[in-house]
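Chains as they are written, first to last, in numbering that gives the first Met the number 0: chain A, 0 to 246; chain B, 0 to 246. Glycine is no exception: its CB is placed at the ideal position from the N, C-alpha and C atoms.
Protein chains: 2
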Amino acid sequence: MKDPKATGPQSCEDCPIRHRAVCARCETDELEKLEDIKYYRTFEAGQTVIWAGDPMDFVGSVVSGIATLTQTMEDGRRQMVGLLLPSDFVGRPGRDGAAYDVVATTDLVMCCFRKKPFEKMMMETPHIAQRLLEMTLDELDAAREWMLILGRKTAREKIASLLSIIARRDATLQLAGMRGPLVFDLPLTREAMSDYLGLTLETVSRQMSALKRDGVIELEGKRHVTIPDLPRLLEEAGDDADGGMMA
Amino acid sequence: MKDPKATGPQSCEDCPIRHRAVCARCETDELEKLEDIKYYRTFEAGQTVIWAGDPMDFVGSVVSGIATLTQTMEDGRRQMVGLLLPSDFVGRPGRDGAAYDVVATTDLVMCCFRKKPFEKMMMETPHIAQRLLEMTLDELDAAREWMLILGRKTAREKIASLLSIIARRDATLQLAGMRGPLVFDLPLTREAMSDYLGLTLETVSRQMSALKRDGVIELEGKRHVTIPDLPRLLEEAGDDADGGMMA
DNA sequence: AATTGACTTTGACCCAGATCAAGCGCGGCA
DNA sequence: TGCCGCGCTTGATCTGGGTCAAAGTCAATT
């Protein structure tokens with residue numbers, strides 16, 4: 000993985016509540032009263048942060064690394080319903096149990112707040128709710144984009160859409176409007192990709208091979224991807240205008 | 000359609016901002032200053048409220064009737080990404096264009112607020128953002144439930160899930176925990192159902208027939224549905240625990 | 001009562017993607 | 001050095017749902 004700090008907040012240490020994930024505007028003098036309700040947790044790649052249904056007495060945000068939200072049916076069918084990147088928020092004020100499985104797909108650092116005091120603070124500090132509203136609306140847009148992908152796109156378009164989403168996000172690391180090829184490491188296994196896209200892992204593999212064969216992407220090893228021609232990829236994704244949106 | 004007031008707010012006239020869609024807690028003395036920024040719009044079944052991309056200078060909430068949010072690809076493939084019921088909120092503070100097509104599927108009354116003043120009021124009245132946050136989180140949950148349906152369920156399960164969602168919502172009209180059969184009218188055409196579920200209209204029709212043949216549902220005409228055994232329907236939907244969630 | 005047109009159902013056939021089943025590549029480890 | 005084991009690829013075959021086509025229902029209109 001790339002250094003996640005590059006896209007995430009510069010540091011969660013500087014100011015916990017100023018942390019972009021929670022609020023971009025609050026004042027530093029709120030720092031002290033937070034010290035006792037905030038803590039950090041780290042996870043290794045593959046570890047589960049919390050299982051759906053388990054009691055969850057905290058909310059938090061991703062400092063570095065990547066986590067996934069997935070839903071599972073009784074018979075084992077799984078659907079990923081969210082991808083958490085640095086600065087993304089986890090947990091719902093006012094809800095006691097986790098709604099989804101949260102799994103670290105890379106090494107992960109989270110900045111957590113005990114839920115009750117956080118809720119109290121949210122009541123007293125208006126812009127926290129305003130900031131959370133903005134973030135939640137972004138996630139909702141991402142979820143809806145995803146619904147179009149799941150409901151109406153072909154396997155090839157789905158793969159291209161996923162790569163666009165990741166490329167787009169990583170592109171912020173590079174010069175905006177740059178011309179050259181885009182290069183990144185896939186943060187997901189083929190299986191995680193299939194859970195994301197509502198496909199089987201075999202279909203994901205086949206379509207990756209097909210996109211490679213057709214020159215839309217280049218692969219070095221299994222994870223390292225080069226996009227020589229982003230507009231071409233976006234066209235393959237089925238939405239020429241842009242590459243989908245991300246939470 | 001049923002009288003939508005039964006599930007929606009009792010009246011939008013009583014107090015525009017106390018309107019459940021916006022805020023359940025504000026004080027009546029905010030009424031006056033709202034009179035000049037709020038207005039009503041009515042639409043007939045089938046009318047388009049706004050097209051994706053069009054400038055949108057208002058936000059609002061559904062007073063009565065049902066509307067859909069849909070996304071369309073250049074080649075005409077469509078995916079419904081939201082179902083708006085009475086008290087649901089439309090529009091995003093801080094965004095200028097509509098992100099989705101909004102279409103009235105029944106006769107529709109909306110309570111609208113000019114966007115700029117609404118945003119200003121939201122900044123000044125903390126619980127409005129808090130209320131909108133709650134609602135948006137509910138919508139996000141619904142969208143994620145929907146993603147599981149789109150990505151992993153079979154056609155039969157999709158239909159059963161949709162019927163469960165509608166039945167569940169309409170069930171609030173009836174005594175909670177009631178035993179008897181559930182009866183309601185589908186607010187959607189077969190085509191709208193297919194747009195919702197990522198299927199073709201033919202498949203929707205076939206699966207409706209199959210569920211009828213198997214005694215899971217009873218049909219009188221094309222729209223009037225009876226659910227003789229709700230647990231059976233939920234089982235067919237693939238999630239025994241409950242019938243999915245709704246925005 | 002017949003016509004029209006929107007919506008729905010049903011049938012026949014086909015294909016994208018699932019399923020089942022080998023193998024491959026490569027890092028970790030004895 | 002070789003042998004796991006895990007993630008990935010590739011092949012062969014099957015099938016759920018799509019596609020194309022026709023006919024049925026029903027309310028509104030003439």
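Would you mind reading off the limits of the beta strand (DSSP E) that contains residue i?
i	result
R77(A)	77-83
V62(B)	57-63
Y99(B)	Unbroken run through Y99(B): none, as it is neither H nor E.
L218(A)	217-219
With respect to the alpha helix (DSSP H) encompassing residue i, which residues constitute its N-terminal and C-terminal limits?
i	result
D140(B)	125-151
W208(B)	Just to set this straight, residue 208(B) is Ser in the shown sequence, not Trp. First-last of the alpha helix (DSSP H) with S208(B): 200-212.
E194(A)	Inspection of the sequence shows that residue 194(A) is occupied by Asp rather than by Glu. It spans 189-196 - the alpha helix (DSSP H) in which D194(A) sits, taken as one unbroken run.
When DSSP labels each residue in this structure, what does residue i get in the three-state scheme?
i	result
T47(A)	strand
D114(B)	Sequence check: residue 114(B) is Lys here, not Asp. Note: K114(B) maps to helix in three-state DSSP.
L68(B)	strand
P92(B)	coil
D74(A)	coil
S86(A)	coil
E26(A)	Note on E26(A): pLDDT 44, under 50, position unreliable in the model; no value is reported.
R231(A)	helix
By DSSP's criteria, residue i is part of a beta bridge. Which residues make up the other side?
i	result
R40(B)	M109(B)
T225(B)	V182(B), E217(B)
P54(B)	G96(B)
The ligand ZN and residue i: does any heavy atom of the ligand fall closer than 7 Å to the residue's C-beta?
i	result
V62(A)	Ligands are entirely absent from the displayed structure, and the ligand ZN is therefore not among its contents.
>> I want to know whether the region 140-151 of chain B touches the region 198-209 of chain B - three or more CB-CB distances under 8 Å.
In response: no
> How about the region 80-91 of chain B and the region 57-67 of chain B: do they share at least three Cβ pairs that are nearer than 8 Å?
Replying inline: yes
>> Under 8 Å: do the region 121-141 of chain B and the region 127-138 of chain A share three or more Cβ pairs, one atom per stretch?
In response: yes
> At a cut of 8 Å, does the region 202-209 of chain A reach the region 227-240 of chain A through at least three beta carbon pairs?
Replying inline: Counting Cβ pairs under 8 Å, fewer than three are found: no touch.
>> Whether or not the region 73-80 of chain A and the region 118-125 of chain A are in contact is what I'm after, with contact meaning three or more pairs of Cβ atoms, one per stretch, closer than 8 Å; do they touch?
In response: no
>> Does the region 97-111 of chain B come into contact with the region 105-115 of chain A, if we say contact requires no fewer than three beta-carbon pairs (one atom in each stretch) closer than 8 Å?
In response: no
>> Three or more C-beta pairs under 8 Å: does that hold for the region 94-101 of chain A against the region 210-222 of chain A?
In response: no
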